[in-house]
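Protein chains: 2
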Amino acid sequence: MLGDQALAAFSVRTTRTHFHGGETIITQGDEVGRIGVVVSGLLKIVVFTEDGAEHVLQTVGPGQLVGNTDGQRHGHAVEAATDGMVCWMPREAWNSFLKARPEHYQAFLSVTLQQYQEAQQGVIRMRGRNTLQRVAFWLLDQKPARGTGNVPLIRIALSRRDLASLLDMTAETLCRALHQLIERSAIRLPASDLVEIVDMERLRQLGKYPRDRIAGAENPRATPFPHPFVQVASSDRFEATMPPERLKRLSEFGAASR
Amino acid sequence: MLGDQALAAFSVRTTRTHFHGGETIITQGDEVGRIGVVVSGLLKIVVFTEDGAEHVLQTVGPGQLVGNTDGQRHGHAVEAATDGMVCWMPREAWNSFLKARPEHYQAFLSVTLQQYQEAQQGVIRMRGRNTLQRVAFWLLDQKPARGTGNVPLIRIALSRRDLASLLDMTAETLCRALHQLIERSAIRLPASDLVEIVDMERLRQLGKYPRDRIAGAENPRATPFPHPFVQVASSDRFEATMPPERLKRLSEFGAASR
DNA sequence: CGGCAGATTGAGACTAATCAAGAGGAGTGG
DNA sequence: CCACTCCTCTTGATTAGTCTCAATCTGCCG
Chain L
1 MLGDQALAAF SVRTTRTHFH GGETIITQGD EVGRIGVVVS GLLKIVVFTE DGAEHVLQTV
61 GPGQLVGNTD GQRHGHAVEA ATDGMVCWMP REAWNSFLKA RPEHYQAFLS VTLQQYQEAQ
121 QGVIRMRGRN TLQRVAFWLL DQKPARGTGN VPLIRIALSR RDLASLLDMT AETLCRALHQ
181 LIERSAIRLP ASDLVEIVDM ERLRQLGKYP RDRIAGAENP RATPFPHPFV QVASSDRFEA
241 TMPPERLKRL SEFGAASR
Chain A
259 MLGDQALAAF SVRTTRTHFH GGETIITQGD EVGRIGVVVS GLLKIVVFTE DGAEHVLQTV
319 GPGQLVGNTD GQRHGHAVEA ATDGMVCWMP REAWNSFLKA RPEHYQAFLS VTLQQYQEAQ
379 QGVIRMRGRN TLQRVAFWLL DQKPARGTGN VPLIRIALSR RDLASLLDMT AETLCRALHQ
439 LIERSAIRLP ASDLVEIVDM ERLRQLGKYP RDRIAGAENP RATPFPHPFV QVASSDRFEA
499 TMPPERLKRL SEFGAASR
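Protein sequences appear in the order of chains L and A. Under this note's numbering, the first residue of the first sequence is numbered 1, with each subsequent residue one higher. Under this note's numbering, the first residue of the second sequence is numbered 259, with each subsequent residue one higher.
Printed below as a string of structure tokens:
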């Protein structure tokens, strides 16, 4: 699809970088002259306010973009929630690439608009919901990787503190909310970072989760930017960030709990 | 700047529409095959949740965009907060226009990214701030049109209920917050929709307003989309939405209060 | 002047933050 | 292999902040 010239000029400038959990990818206030496509792993967009507090605004998964091309300073930082990989390209390469192949503007815009929408969704999920509902809602919004025996299983890649921040509550409140969901037998906690959805319908009620979002058709995370050179692991973020030994332990648990 | 052909095909399809306060511009869930540039007045982006509650997410002023071009359904509605004007163009015209003149992609992206950033800012202003601080912060974020005697004066175009929704609180709490700001002599209320900033510094402290935002340089609302055919009233949203009789009454008030 | 809708003010209920303390888990060094 | 430390997670009691409900007030229109 790409012209030879554009492709050559472009792919030379492309850099894949591995990152590790906790690492800072982009520092707040920096001018980052490059843009990155997340290939695997999970990033988090955080903001440090003047009083030193850290706020997690959004998570960025495979196929989504970080950085900006307009030479503006970053109003937020980007940190790694898990290990993973980003594919970077410098601003000039990016811009000249887009200029040479305007048809890719459409894809770029689409992903940008999608992340914009996701930011709006993030606000909406906060509104008119108490802490319990927000937690339930978030759980339902995660890609439910099926565990052993087709039970929906969710890996919480974020720390309690980070997830609490994302959901705009304290870690203590998040903890209480999770255990309230357990008491009402909507979920179980095989491990502190694993959530097993026991009763999907009850969880929906508790989270005031709209019917039309159930299929995930409204705001699918899976319209990844069609990066020409990188295969994006979009479908299985679960396995991508799940260490093998955990999977093993998990299946043991599943067998034991039956 | 525009090629004759593109210009001709484009300007024919452009439609200016006046809107009145309270009017619904875009219905939630609609597929709107067009995009609009706000010329004057103020729009609000609202979401109706399943339980019937209405949430104001954002306001859209002159130079900013509404609608989308990707044929997707709207996750939110757009309503008029004041009287004003939008300049519409159908999706096909828009897309072919951008295709013909790729250099405008940059501007389009820029405005989109800006609104994206604004959405993020909207989240941040909520975080780690109580109701009083949110109100103070919002006031400082408004374009302070100077009133009589160079006193910063702000017109609240939104109803109490809408503004409260935007700031994620109840109308009652908003009201109390405003009056608390008055008690601490940071502001005055010449009329229920007019705020006079008496002590800017105190208001900043009460709103935890960062220093670097004071100049408004960080996130200026004034990088309007350079619409080729419409003159955008970007600088004076105040006067644009201020009925003449109010202005007159206001100056009388200013004279009387000295 | 009466009616109406939005804005204001007040009192009580309830949610979530804060402060404090205990439990679990991973890594380190002897 | 075990004790020790550090850090995160969890749990409990208290407090502060907002929401809710209700009543009153205000400006506006016919």
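Think of the CB as a built atom: it goes at the ideal place given N, C-alpha and C, for glycine as much as any other residue.
Query                                                                                                                                                                                              : Result
Indicate whether at least one CB of chain L lies closer than 8 angstroms to the CB of residue 426 of chain A.                                                                                      : yes
Could you tell me which of L:57, L:20 and L:200 sits nearest to residue 181 of chain L, measuring between CA atoms?                                                                                : L:200
For residue 379 of chain A and residue 74 of chain L, I'd like the C-alpha separation in whole angstroms.                                                                                          : 12 angstroms
Residue 169 of chain L by DSSP, collapsed to three states: which one?                                                                                                                              : coil
Taking only three categories from DSSP, how would you classify residue 354 of chain A?                                                                                                             : helix
Quick one: Cα of residue 285 of chain A to Cα of residue 334 of chain A, how far?                                                                                                                  : 7 angstroms
Going by DSSP in three states, residue 124 of chain L sits in which element: helix, strand or coil?                                                                                                : helix
Counting C-beta neighbours from all protein chains within 10 Å, is the total for residue 59 of chain L 16 or more, i.e. buried, or is it exposed?                                                  : buried
Using beta carbons (cut-off 8 angstroms, strictly below), is residue 210 of chain A in contact with chain L?                                                                                       : Look at the range of chain A in this structure, 259 to 516, and you will see that residue 210 of chain A is not part of it.
If you measure between the beta carbons of residue 338 of chain A and residue 283 of chain A, is that distance less than 8 angstroms?                                                              : yes
The beta strand (DSSP E) with residue 459 of chain A in it runs from where to where?                                                                                                               : Careful: residue 459 of chain A lies outside any beta strand (DSSP E), inside the alpha helix (DSSP H) at 458-465.
Do residue 320 of chain A and residue 297 of chain A count as a contact pair if the criterion is CB distance below 8 angstroms?                                                                    : yes
What beta strand (DSSP E) runs, 3 residues minimum, are completely inside the stretch 266-349 of chain A?                                                                                          : 273-277, 282-284, 292-298, 301-306, 312-318, 323-325, 335-338 and 342-348
Establish whether the CB of residue 307 of chain A and some CB of chain L are separated by less than 8 angstroms.                                                                                  : yes
Count the other CB atoms within 10 Å of the CB of residue 196 of chain L; is the residue buried (16 or more) or exposed (fewer)?                                                                   : buried
With respect to 7 angstroms, is the separation between the Cβ of residue 459 of chain A and the closest non-hydrogen atom of the ligand NAP below this value?                                      : As far as ligands go, the structure on display features none, and thus does not contain the ligand NAP.
Could you tell me which chain A residues have their CB closer than 8 angstroms to the CB of residue 161 of chain L, listed as they occur along the chain?                                          : Those within 8 angstroms of residue 161 of chain L in chain A number zero; the least Cβ separation is about 14 angstroms.
Measure the beta-carbon distance from residue 167 of chain L to residue 188 of chain L and round it to whole angstroms, keeping in mind my assumption that it falls under 8 angstroms.             : At roughly 20 angstroms, the Cβ-Cβ gap does not stay under 8 angstroms, so residue 167 of chain L and residue 188 of chain L are not in contact.
Would the stretch 411-423 of chain A count as touching the stretch 86-98 of chain L if we require 3 or more Cβ pairs under 8 angstroms?                                                            : no
Just to confirm my understanding: we take residue 273 of chain A, look at its own chain, exclude 5 residues before and 5 after, and list those with CB closer than 8 angstroms. What are they?     : 345, 346 and 347
Taking 8 angstroms as the cut-off, decide whether the C-beta atoms of residue 394 of chain A and residue 452 of chain A are in contact.                                                            : no
How big is the Cα-Cα spacing for residue 301 of chain A and residue 418 of chain A?                                                                                                                : 15 angstroms
By the three-class DSSP mapping on this structure, what secondary structure does residue 160 of chain L have?                                                                                      : helix
Within the same chain, show all residues whose beta-carbon is closer than 6 angstroms to that of residue 409 of chain A, passing over the 5 residues directly before and after it, in chain order. : 454
Going by the CB atoms, is the gap between residue 421 of chain A and residue 123 of chain L shorter than 8 angstroms?                                                                              : no
Please list, in chain order, the residues of the stretch 280-303 of chain A that have any C-beta partner in chain L closer than 9 angstroms.                                                       : 303
For residue 120 of chain L, would you say it is in contact with chain A, using Cβ-to-Cβ distances shorter than 8 angstroms as the test?                                                            : yes
For the beta strand (DSSP E) that residue 195 of chain L lies in, which residues bound it at each end?                                                                                             : 194-197
According to DSSP, is residue 449 of chain A part of a helix, a strand, or is it coil?                                                                                                             : strand
Find the nearest neighbour of residue 386 of chain A within the set L:33, L:22, L:50 and L:142, judged by alpha-carbon distance.                                                                   : L:50
In the stretch 122-134 of chain L, which residues sit with their C-beta less than 8 angstroms from some C-beta in chain A, listed in chain order?                                                  : 122, 123, 124, 126, 127 and 128
Only counting the same chain, and skipping five residues up and downstream in sequence, which positions put a Cβ closer than 8 angstroms to that of residue 105 of chain L?                        : 98
For the beta strand (DSSP E) that residue 155 of chain L lies in, which residues bound it at each end?                                                                                             : 152-155
Taking the straight line between their C-alpha atoms, what separation do you get for residue 111 of chain L and residue 125 of chain L?                                                            : 21 angstroms
What residues of chain L sit near residue 373 of chain A, judged by a beta carbon separation below 8 angstroms?                                                                                    : 116
Closer than 9 angstroms by beta-carbon distance: list the chain L residues that pair up with residue 468 of chain A, in chain order.                                                               : 49 and 50
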